[in-house]
Amino acid sequence: MLRHLISAADLTRDDAVLILDTAEEMARVADRPIKKLPTLRGRTVVNLFFEDSTRTRISFEAAEKRLSADVINFSAKGSSVSKGESLKDTAQTLEAMGVDAVVIRHGASGAPYRLATSGWIDAAVINAGDGTHQHPTQALLDAFTMRRRLIGRDAGLGQDLAGRRITIVGDILHSRVARSNVDLLHTLGAEVTLVAPPTLVPVGVEHWPCEVSYDLDSTLPKSDAVMMLRVQRERMNAAFFPTEREYSRRYGLDGDRMARMPEHAIVMHPGPMVRGMEITAEVADSDRCTVVEQVANGVSIRMAVLYLLLGGNESAVSHARTTEGK
Amino acid sequence: MDTHTSDARPVLEGPDIARVLTRIAHEIVERAKGADDVVLLGIPTRGVFLAQRLAAKLEEITDRKIPVGSLDITMYRDDLRMHPPRALARTEIPGDGIDGRLVVLVDDVLFSGRTIRAALDALNDIGRPRAVQLAVLVDRGHRELPIRADYVGKNLPTSLRETVKVQLAEEDGRDTVLLGAKRTP
Amino acid sequence: MSKILIRGAKVLGGDAQDVLIDGEIIAEVGQGLSAEGAEVVEAAGRVLLPGLVDLHTHLREPGREDSETVLTGTRAAASGGYTAVFAMANTFPVADTAGVVEQVYRLGREHGYCDVQPIGAVTVGLEGRKLAELGAMHESAAGVTVFSDDGKCVDDAVIMRRALEYVKAFGGVVAQHAQEPRLTEGAQMNEGVVSAELGLGGWPAVAEESIIARDVLLAEHVGSRVHICHLSTAGSVEIVRWAKSRGIDVTAEVTPHHLLLTDELVRTYNPVYKVNPPLRTERDVLALREALADGTIDIVATDHAPHPHEDKDCEWAAAAMGMVGLETALSVVQETMVDTGLLTWAQVADRMSFRPAGIGQAKGHGRPVSAGEPANLTLVDTAYRGSVDPAGFASRSRNTPYEGRELPGRVTHTWLRGKATLVDGKLT
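Order-wise, the sequence lines are chains L, X and A. Using the UniProt record's numbering, the first residue of the first sequence is number 1, and each one after it goes up by one. Using the UniProt record's numbering, the first residue of the second sequence is number 1, and each one after it goes up by one. Using the UniProt record's numbering, the first residue of the third sequence is number 1, and each one after it goes up by one.
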């Protein structure tokens, strides 16, 4: 059974659908006068953030509090970590305080996996983004958003994303969001196409369960959802692309390009957006753009994950990888 | 609650179930003085179907639309940590809400009372009813909390070694209540 | 020193023979030798090899005595069947002066477990900018002949050219750590399918191959010889094979771990598999084995790189690169090369003793097992199989990738100039 959520690749189709269905029920709690459930009363969750990410941290915190967990926020900045304390010592210190789950954001790929498998701690580990590896709750909230928009809230229950065509555009190489989405969307039966300049696609991508294209314009008409990834301006300095202007001309989404998408197709972005780079204000502010919805859905998804991992005496989600390992 | 149809015997059949639901409907109208502020909330899974059937009967009697919904109590259970997490069921509160109304909770079997305790907690987070009552198809005894039903289809004295299983056409293809022996491991 | 009779050993894997050691010298090799006045070591069924020579060891002293010292490192070497090790220059301070190399050399001699031949840095402070005093190190008591900035690549083509030229004056050799620095900025593991999935910075094969290609051409141009450290890719093999076919004076080494392990292991994110150069793919492993068998790769060198526990008990990106190897090298070579039929034991003696001693000009090492030669010998129980237990290591560090893995072969005895350093698997 899954004790940890480390990678979207670890989820089976049924696991993923269960999480999405559960999140749909969790979303309804947000419509009630009292937006709180007693489910995780007496359980302590620590948000262990070695990287700044206010939006992800707040989203987890909201989810934890709505489920009545006791929440400890630990930010590495200004803490003993910046004085050289290791991840192991930090984790063990927190566990000594009686923590049931660790939500970890870390700049090093694999840090959550290491935390879950090294025997340092017993608590459940939830990956809130590690390096350029994985960000599984982001992929789940993206899939949740797609299912709602493309199939429907109630009609979507029990459904996967079979046959939906999803295009992910931007800095694939440095993106944990892209990796998680490719894994999860494939598991859910969607057809994924990655679009990026060749410099921003990793060597080895040919083994991923998706297509790769360097041409955005030919991909847009065949897309049910287009996910724009943030492109950091500093990538320009490492020669990944010549100029910001050339990048946005070839790979940015503007109103003209959006018009080439099918009428029902949506535009997604994990945030924070770099307006004028990968997306124009016109697209970002349009009805087809789901950025704000994605944020709201993030809380529901994280509630679902927390409930399914921590709500019982064991996890409700089956698991392949981390339990097999050491 | 595990059931084993092999040695289970029916204690209520389809016509019995229809008859007791009709009786309960009449009792609700009587006790609620016309049932004009009644909201029926079924507890998933089978309590929801019973609530819908009761609503239909109440509508026949009163010739008024009776609000009916569902109340999932999974997240409020006190035994969450004794089992793997369960899939959630739908909570559907009728449009006008429950504030100031007479809420009748509907469930299939009343046993320890813990489900109803959880349901009362859940209601608390949704609104403030004028009063809350409880209707069950079967009361099998063995209460562990100070809870009783206002409307009971059938009192069924059981031992803890026995199981009670309600089957309804909407979910199980037929209406029946089965009494069986718990398999000893 | 008294006489020792090693009875019935398969010398270099051949027929059973007796070997009589008298003092520091092999007195006689033959059948039915008299045991009179000699301590007898029954060696029936075991393989007797010349003492192994490692051209690539990190002893960490001076500067990182928390991970290894000359004493613990040479004990580990004796334990693994080595009688001579070449100590890399990346210590603190760097071995870029006669003073440091003489200190390391002397410590090895004093402890007496294994000869230590220091390697001198090519450039001052391994910084790649200014040649170190190569001649002074050569002329010192340590008699340095191998120079390397190992851990760092001599990436400046002009500096590399000058070093290759300069050491010709005294018959030295430059051992290159081939790693193009710009192509490996932030690199964490082999660049390929696995790195793409794990989101770890990729370390492309071309970063190694481009430097090797450049350096063999430089060596040809200036008529010098060059040694390539820890060659790790199939492409590197092709370049070295091509260079040798052109008559370029190039030699190359492969580590035991690159003969056995692949980057699939990185999926565990366990930094015990983090090493420089990184573990590559199955295809590379097979190419390296083939190249070692056909002589394209000349030698096996351990790149024994001890690290304290805390430098490996952490997240991947924060972990140090390197693995200990002295105590498992021969077992890994038996597993990957002998038991697979790619090398005979005589060829193992060639790849792990004769040739490395030749490249490094280690006097008295890598000699035939015959009368009159220095008694540097290693006795191996090749029938043994057991799982690796780092708790039993003589090395101060435990960062082995083989913990719990079953490997064949066990060194039972090691003699350094007739003196037993290892008896029945126990250090003396």
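By construction, the Cβ of each residue, glycine as well, lies at the ideal position given by its N, Cα and C atoms.
Contacts around residue i, its chain only, beta-carbon distance under 6 Å, and the 5 residues preceding and following it disregarded
{"i": "A/D96", "result": "A121, V124, A132"}
{"i": "X/R53", "result": "L21"}
Cβ pair residue i, residue j closer than 9 Å
{"i": "A/T382", "j": "A/T414", "result": "no"}
{"i": "A/V250", "j": "A/V216", "result": "yes"}
{"i": "A/T145", "j": "A/C114", "result": "no"}
{"i": "A/G335", "j": "A/L407", "result": "Before going on, a small fix: residue 335 of chain A reads as Glu here, not Gly. Against a cut-off of 9 Å, the Cβ pair of A/L407 and A/E335 comes out as a contact."}
{"i": "L/F144", "j": "L/S300", "result": "yes"}
{"i": "L/D21", "j": "X/A87", "result": "yes"}
{"i": "L/A128", "j": "L/T56", "result": "yes"}
{"i": "L/E25", "j": "X/T115", "result": "no"}
{"i": "A/I212", "j": "A/A157", "result": "no"}
{"i": "L/L220", "j": "L/V212", "result": "no"}
{"i": "L/G312", "j": "X/H83", "result": "yes"}
{"i": "L/M258", "j": "L/V283", "result": "yes"}
{"i": "A/I4", "j": "A/I25", "result": "no"}
{"i": "A/G417", "j": "A/A375", "result": "Note on residue identity: the sequence assigns Arg, not Gly, to residue 417 of chain A. Yes. Within cutoff."}
Same chain, Cβ closer than 7 Å to residue i, five either side skipped, listed in chain order
{"i": "A/A320", "result": "H307, D311, K312"}
{"i": "L/G98", "result": "T44"}
{"i": "A/T302", "result": "D54, H56, T57, T255, P256, G325, L326, A329"}
{"i": "L/R173", "result": "Going by the sequence as given, residue 173 of chain L is Leu instead of Arg. The residues are L200, V201, P202."}
Residue i in three-state terms, based on DSSP
{"i": "A/M321", "result": "coil"}
{"i": "A/K419", "result": "strand"}
{"i": "A/F86", "result": "strand"}
{"i": "L/S213", "result": "strand"}
{"i": "L/R165", "result": "strand"}
{"i": "L/H319", "result": "Residue placement at L/H319 is poorly supported in this model, since its pLDDT is 47, which falls under 50; the coordinates still yield a value, given next. If DSSP states are grouped into helix, strand and coil, L/H319 belongs with coil."}
{"i": "A/V174", "result": "strand"}
{"i": "X/I98", "result": "coil"}
{"i": "A/G404", "result": "coil"}
{"i": "X/R143", "result": "coil"}
{"i": "L/W208", "result": "coil"}
{"i": "L/L5", "result": "strand"}
{"i": "L/S277", "result": "The residue you asked about is not Ser; residue 277 of chain L is Met in the sequence shown. Three-state DSSP puts L/M277 in coil, outside helix and strand."}
{"i": "A/T378", "result": "strand"}
{"i": "A/V338", "result": "helix"}
{"i": "A/H413", "result": "strand"}
{"i": "A/W345", "result": "helix"}
{"i": "A/W203", "result": "strand"}
{"i": "L/Q294", "result": "helix"}
Top-ranked residue by Cα proximity to residue i, from the options
{"i": "X/D150", "options": "X/F111, X/D125, X/L105, X/Y76", "result": "X/L105"}
{"i": "X/V164", "options": "X/I61, X/E59, X/T176", "result": "X/T176"}
{"i": "L/T193", "options": "L/V267, L/I126, L/G204, L/L216", "result": "L/L216"}
{"i": "L/N297", "options": "L/H4, L/D31, L/D14, L/I6", "result": "L/D31"}
{"i": "A/A394", "options": "A/G23, A/L59, A/K3, A/A76", "result": "A/A76"}
{"i": "L/P242", "options": "L/P197, L/D52, L/M261", "result": "L/P197"}
{"i": "A/Y105", "options": "A/G128, A/G151, A/S79, A/V70", "result": "A/V70"}
{"i": "A/H138", "options": "A/G171, A/R355, A/E191, A/M160", "result": "A/G171"}
{"i": "L/T12", "options": "L/A281, L/P221, L/G189, L/R288", "result": "L/G189"}
{"i": "L/N181", "options": "L/V305, L/L157, L/M273, L/P209", "result": "L/P209"}
{"i": "L/V274", "options": "L/L67, L/R148, L/L253", "result": "L/L253"}
{"i": "A/K168", "options": "A/L5, A/L134, A/T400", "result": "A/L134"}
{"i": "L/E278", "options": "L/T290, L/Y214, L/G156, L/D171", "result": "L/D171"}
{"i": "A/I228", "options": "A/V174, A/Q188, A/S195, A/R267", "result": "A/V174"}
{"i": "L/S33", "options": "X/V138, X/R128, X/S70", "result": "According to the sequence provided, residue 33 of chain L is Pro. The question's Ser does not apply to it. Looking at the Cα atoms, X/R128 is the closest of the given residues."}
Proximal residues to residue i (C-beta, below 8 Å), its chain only, five neighbours per side dropped
{"i": "A/L343", "result": "L292, A293, V333, M337, R351"}
{"i": "X/H142", "result": "F111, S112, T158, L160"}
{"i": "L/R233", "result": "E244, V274, M277"}
{"i": "L/L229", "result": "I168, V169, G170, D171, I172, S175, V177, A178, H269, P270, E278"}
{"i": "L/Y214", "result": "V195, A196, P197, P198"}
Practice problem: At 4 residues or longer, and completely inside the region 7-54 of chain L: list those alpha helix (DSSP H) runs for me, N to C. | Solution: Within the region 7-54 of chain L, the complete alpha helix (DSSP H) runs of at least 4 residues are 13-29.
Practice problem: Please specify which runs of the beta strand (DSSP E), each continuous and at least 3 residues long, are wholly inside the region 36-88 of chain A, giving them in chain order. | Solution: 38-42, 47-50, 52-57, 82-87
Quiz item: Which parts of the region 117-180 of chain A are runs of the alpha helix (DSSP H), unbroken and 4 residues or longer, counting only runs that do not cross its ends?
Solution: 134-139, 157-166
Quiz prompt | Ranges of the alpha helix (DSSP H) found wholly within the region 237-265 of chain A, counting only runs of at least 4 | solution = 256-260
Quiz item: Can you list the alpha helix (DSSP H) stretches of 4 or more residues lying completely in the UniProt domain "Phosphoribosyltransferase" (12-155) of chain X, in chain order?
Solution: Complete alpha helix (DSSP H) runs here, min 4: 14-31, 46-62, 114-126.
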